[in-house]
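A.B. asks: If you scroll down you'll find the structure; I have some questions about it.
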RNA sequence: GACCCCGUAGCUCAACUGGAUAGAGCAACAGCCUUCUAAGCUGUAGGUUGCGCGUUCGAUUCGCGCCGGGGUCACCA
């Protein structure tokens with residue numbers, strides 16, 4: 006549609022010798038009465054041409070050569086918009102295209118097979134995943150799928166660290182809880198992890214090992230506790246991710262950066278570049294020379310690196326592994342680390358433009374109208390597992406994706422739990438199930454042989470002329486563009502909003518017109534429209550990672 | 001104090017990257033099932049887009065300054 010008009014208007018501009026002065030764009034007007042597409046070229050040209058935009062528009066229209074069976078109207082409106090209206094035929098003939106592309110409808114080629122990595126969740130195995138991780142999992146997984154749908158070669162990656170201070174504390178907490186099973190007075194470390202899950206892990210250690218750890222040297226016992234706790238936590242993390250339908254291709258261990266010498270390599274290289282120096286026993290990175298406000302420590306005086314160093318090394322490895330587009334999904338609390346990492350990567354000779362950092366804001370849970378305060382240390386925090394238990398994986402994913410990434414997300418548990426029939430996700434799924442039901446009925450009544458496109462050869466979709474039919478078709482045809490804009494802007498909420506609109510448009514069509522009717526040809530055309538709607542809903546749900554049920 | 005995100009209907013949020021008359025869902029009110037799923041549809045009401053300047057044909061969107069909420073500012077990750 007845009008392509009067609011773009012060709013025609015360009016030709017007109019050339020005929021008038023206005024070509025190349027401004028960028029020609031078409032947009033879908035918000036208001037339906039303004040037509041199907043609009044362009045503002047006349048207004049943009051007005052300045053350089055020194056003419057009234059409405060007069061210019063008139064000139065352009067005069068030079069246009071359009072086919073009347075495709076375009077039914079062209080008019081000048083407002084300050085100088087040129088509005089185009091297409092014929093119903095132009096739209097409804099494209100239903101056939103949706104049907105023939107089927108489960109592929111909405112897929113695009115624009116990525117050109119670009120090797121792309123999406124890193125997300127990346128929580129260290131020190132506790133169960135929180136609802137915040139859940140939002141990240143939903144966002145990351147959906148962005149990854151969107152990238153696949155737009156023709157990128159995508160790797161989903163989880164980066165974790167099973168060494169360091171946090172893991173040490175995990176081991177000590179587990180060990181203390183274990184010892185408390187035998188001696189309730191055994192002291193618990195001051196900064197230990199308070200959560201119940203530590204006690205559960207300790208119970209597991211006891212059932213597997215009995216009293217054996219009490220007899221061991223403490224260091225040895227801690228080592229054992231660490232690996233048992235890590236194993237248990239990773240198992241639960243993978244389990245809950247699986248419940249959400251998230252599967253990673255690669256789990257990348259930070260430790261491998263040390264054992265393979267990559268960390269040292271980076272430090273040496275910074276020294277060689279004159280970007281690293283020693284001061285007060287620590288190694289500093291001259292981030293000031295890289296456009297930052299102050300220099301940063303990369304190796305502490307204790308000899309341990311700060312998080313920046315492995316992060317930089319890791320990002321370099323991403324480039325070295327051949328990723329052309331690197332997408333990092335981070336929570337708002339990690340925002341401060343990004344400039345250092347990007348500056349470091351740039352200093353090492355890689356283009357930070359190829360790293361897209363997507364930062365999402367936090368999730369607030371509401372229960373009985375009260376905000377649920379959450380802290381990993383304190384015992385009161387809602388895990389992702391619990392949230393899924395309450396509202397189900399589809400609602401969890403959909404809710405997490407409904408809001409724009411940069412907005413705080415408020416998740417009302419009671420609403421999602423008690424009034425689930427009012428969830429938008431059910432609204433969308435219901436539309437899909439309803440269509441499935443109609444198609445089954447159409448088959449029973451002999452309108453078509455099967456509930457797919459195979460029985461619809463030679464159907465004349467031109468028979469669809471009703472307002473709610475055409476409105477639905479137009480909306481369905483916007484699916485690929487919606488996938489594209491959701492992907493390019495890293496804004497999955499565009500898709501949830503869109504699917505809700507499709508469901509609304511379908512419900513309205515359903516309400517206005519019966520599908521299975523005596524007029525056989527019209528009935529078959531409507532079956533085609535139902536099928537096309539079902540495909541768009543199903544494909545959209547697939548991208549969002551939620552189910553599209555055949556019945557509810 | 002510095003930097004980042006947010007501020008849109010009573011509530012939760014959209015708004016296709018600067019377009020025309022700012023839209024949905026809850027909540028409120030009034031209607032619609034003898035018929036393919038009423039988990040649905042139709043209508044009413046609800047707004048100075050936090051406030052003020054500026055940029056231009058045109059601003060919820062871009063810039064500056066305030067106000068309010070959240071976040072980050074370690075030799076923690």
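Numbering (this note's numbering), first residue to last: 6 to 557. Where is the CB? At the ideal position from N, CA and C, for every residue including glycine.
(1) Thinking C-beta only, is residue 371 closer than 7 Å to residue 387?
(2) Would you grab the beta carbon distance between residue 529 and residue 452 for me? Rounded to a whole angstrom, and I think it's under 8 Å.
(3) Suppose you measure from the CA of residue 291 to the CA of residue 410; what does that come to, to the nearest Å?
(4) Going residue by residue through the stretch 339-381, where are the continuous beta strand (DSSP E) segments of at least 3 residues, counting only ones entirely within it?
(5) Below 8 Å on the Cβ atoms is my contact criterion, and I expect residue 193 with residue 176 to pass it. Report the Cβ-Cβ distance as a whole number of Å.
(6) Roughly how many whole angstroms lie between the Cα atoms of residue 311 and residue 121?
(7) Please go through the same chain and pick out, in chain order, the residues whose beta-carbon is closer than 6 Å to the beta-carbon of residue 398, but skip the five residues on each side of it.
(8) Buried or exposed, going by whether 16 or more other CB atoms sit within 10 Å of the CB of residue 225?
(9) Would you check if there are 3 or more beta carbon pairs closer than 8 Å linking the stretch 43-56 to the stretch 23-30?
(10) Give me, in chain order, the residues of the same chain whose beta-carbon lies closer than 7 Å to that of residue 278; leave out the 5 immediate sequence neighbours on both sides.
(11) When you compare the stretch 501-521 with the stretch 80-94, are there three or more beta-carbon pairs, one atom per stretch, that lie closer than 8 Å?
(12) Would the beta-carbon of residue 2 fall within 7 Å of that of residue 163?
(13) Report the residue ranges of all alpha helix (DSSP H) runs contained in full by the stretch 27-84; include only those spanning at least 4 residues, in chain order.
(14) Per the DSSP calculation, residue 196 is bridged to which residue(s)?
(15) Can you give me the start and stop residues for the beta strand (DSSP E) that residue 258 sits inside?
(16) Contact between the stretch 452-469 and the stretch 484-500: three or more CB pairs below 8 Å?
(17) Can you tell me the Cα-Cα spacing of residue 166 and residue 136, whole angstroms?
(18) Using the rule of at least 16 other Cβ atoms within 10 Å of the residue's Cβ for burial, across every protein chain shown, is residue 91 buried or exposed?
(19) Can you name the residues that DSSP bridges to residue 495?
(20) Measuring CB to CB, does residue 366 end up less than 7 Å from residue 413?
(21) Quick check on this structure: which residue in 403, 132 and 338 has the alpha carbon closest to the alpha carbon of residue 171?
(22) Who are the near neighbours of residue 259 in its chain, counting only those whose CB is closer than 6 Å to its CB and skipping five residues on each side?
(23) How many angstroms separate the CA atom of residue 501 from the CA atom of residue 333?
(24) Taking only the alpha-carbon atoms, compute the straight-line gap between residue 344 and residue 206 and give it to the nearest angstrom.
(25) Can the beta-carbon of residue 30 be found less than 7 Å from the beta-carbon of residue 86?
(26) Closest to residue 523 by C-alpha separation, out of 509, 542 and 450, would be which residue?
(27) Name the residue from 214, 282, 535 and 63 whose alpha carbon lies nearest to the alpha carbon of residue 447.
(28) Name the two residues that bound the continuous alpha helix (DSSP H) containing residue 242.
(29) Tell me whether the stretch 144-160 and the stretch 110-125 touch, counting them as touching only if at least three CB pairs, one residue from each stretch, are closer than 8 Å.
(30) Judging by CA-CA distance, which residue of 130, 548, 203 and 553 is the nearest neighbour of residue 239?
(31) Which same chain residues, not among the five before or five after residue 235, have their C-beta less than 6 Å away from its C-beta?
(32) Starting from the Cα of residue 99, find the closest Cα among 191, 261 and 478 and give me that residue.
(33) Rounding to the nearest angstrom, what Cα-Cα distance links residue 368 and residue 274 in this structure?
(34) Can you give the beta carbon distance from residue 317 to residue 346, rounded, assuming they're within the 8 Å contact cut?
(35) So what's residue 408 in DSSP terms, helix, strand or just coil?
(36) Looking only at DSSP bridge pairs, what is residue 154 linked to?
C.D. replies: Taking the definition as stated:
(1) Residue numbering aside, residue 387 sits at position 382 when the first chain is read from its first letter. Residue numbering aside, residue 371 sits at position 366 when the first chain is read from its first letter. No. Outside cutoff.
(2) As a first step, residue 529 must be located in the first chain, where it is residue number 524. As a first step, residue 452 must be located in the first chain, where it is residue number 447. Between residue 452 and residue 529 the Cβ distance is about 6 Å, and since that is below 8 Å, they are a contact.
(3) Mapped onto the first chain, residue 291 falls at position 286. Mapped onto the first chain, residue 410 falls at position 405. In a straight line, the C-alpha of residue 291 is about 32 Å away from that of residue 410.
(4) Assignment of beta strand (DSSP E) within the stretch 339-381, counting only whole runs of 3 or more residues, yields 360-365 and 368-372 in chain order.
(5) By one-based count along the first chain, residue 193 stands at place 188. By one-based count along the first chain, residue 176 stands at place 171. Actually they do not touch by this definition, with Cβ atoms about 13 Å apart.
(6) Mapped onto the first chain, residue 311 falls at position 306. Mapped onto the first chain, residue 121 falls at position 116. Each residue's Cα considered, the two are about 27 Å apart.
(7) Residue mapping note: residue 398 aligns to position 393 of the first chain, counting from 1. Excluding sequence neighbours, residue 398 sits near 248 and 249.
(8) Taking the first residue of the first chain as position 1, residue 225 is located at position 220. Residue 225 is exposed by the Cβ-count criterion.
(9) yes
(10) In the first chain, residue 278 corresponds to position 273, counting from 1. Within the same chain, residue 278 has close Cβ partners 352.
(11) The answer is no - the stretch 80-94 does not touch the stretch 501-521, with fewer than three Cβ pairs under 8 Å.
(12) The requested residue 2 does not occur in the structure, where the chain is confined to residues 6 to 557.
(13) 46-54 and 58-68
(14) On the first chain, position 191 is the one that residue 196 refers to. In DSSP, residue 196 forms no bridge with anything.
(15) Reading the first chain from its first residue, position 253 is the one you call residue 258. Start and end: 255-258.
(16) The stretch 452-469 and the stretch 484-500 do not touch, with fewer than 3 CB-CB distances between them shorter than 8 Å.
(17) The count along the first chain starts at 1 and reaches residue 166 at position 161. The count along the first chain starts at 1 and reaches residue 136 at position 131. For residue 166 and residue 136, the distance between alpha carbons rounds to 20 Å.
(18) In the first chain, residue 91 corresponds to position 86, counting from 1. Buried: at least 16 other Cβ atoms inside 10 Å.
(19) For the purposes of this step, residue 495 is taken as the residue at position 490 of the first chain. Answer by DSSP bridge pairing: none, since residue 495 is not bridged.
(20) Against the first chain, residue 366 aligns to sequence position 361. Against the first chain, residue 413 aligns to sequence position 408. Going by C-beta atoms, residue 366 is nearer than 7 Å to residue 413.
(21) As a first step, residue 171 must be located in the first chain, where it is residue number 166. Closest option to residue 171, Cα to Cα, is 132.
(22) For the purposes of this step, residue 259 is identified with residue 254 of the first chain, where counting begins at 1. Answer for residue 259: 166 and 315, listed in chain order.
(23) As a first step, residue 501 must be located in the first chain, where it is residue number 496. As a first step, residue 333 must be located in the first chain, where it is residue number 328. Roughly 22 Å between the two C-alpha positions.
(24) Mapped onto the first chain, residue 344 falls at position 339. Mapped onto the first chain, residue 206 falls at position 201. If I take the Cα positions, the gap works out to 38 Å.
(25) Stepping through the first chain from its first residue, residue 30 is reached at position 25. Stepping through the first chain from its first residue, residue 86 is reached at position 81. Taking 7 Å as the Cβ cut-off, residue 30 and residue 86 do not qualify as a contacting pair.
(26) Locating residue 523 in the first chain gives position 518, where the first residue counts as 1. The shortest C-alpha separation from residue 523 is found at 450.
(27) Counted from its first residue, the first chain places residue 447 at position 442. The shortest C-alpha separation from residue 447 is found at 535.
(28) Here residue 242 corresponds to residue number 237 of the first chain, with the count starting at 1. Here the alpha helix (DSSP H) through residue 242 covers 223-248.
(29) Note that the stretch 144-160 touches the stretch 110-125; at least 3 beta-carbon pairs, one per stretch, sit closer than 8 Å.
(30) As a first step, residue 239 must be located in the first chain, where it is residue number 234. Across the set 130, 548, 203 and 553, the C-alpha of 130 shows the shortest separation from the C-alpha of residue 239.
(31) For the purposes of this step, residue 235 is identified with residue 230 of the first chain, where counting begins at 1. Here the set comprises 130 and 167.
(32) Position 94 of the first chain, counting from 1, holds the residue named residue 99. Of 191, 261 and 478, the residue nearest in Cα terms is 478.
(33) Start at 1 with the first residue of the first chain, and residue 368 comes out as number 363. Start at 1 with the first residue of the first chain, and residue 274 comes out as number 269. Those two C-alpha atoms are separated by around 40 Å.
(34) For the purposes of this step, residue 317 is taken as residue 312 along the first chain, with counting starting at 1. For the purposes of this step, residue 346 is taken as residue 341 along the first chain, with counting starting at 1. So it is a contact: roughly 6 Å between Cβ atoms.
(35) The count along the first chain starts at 1 and reaches residue 408 at position 403. Coil, per DSSP.
(36) As a first step, residue 154 is located in the first chain; it is residue number 149 there, counting from the start. DSSP, once it has assigned bridges, lists no residue as partnering residue 154.
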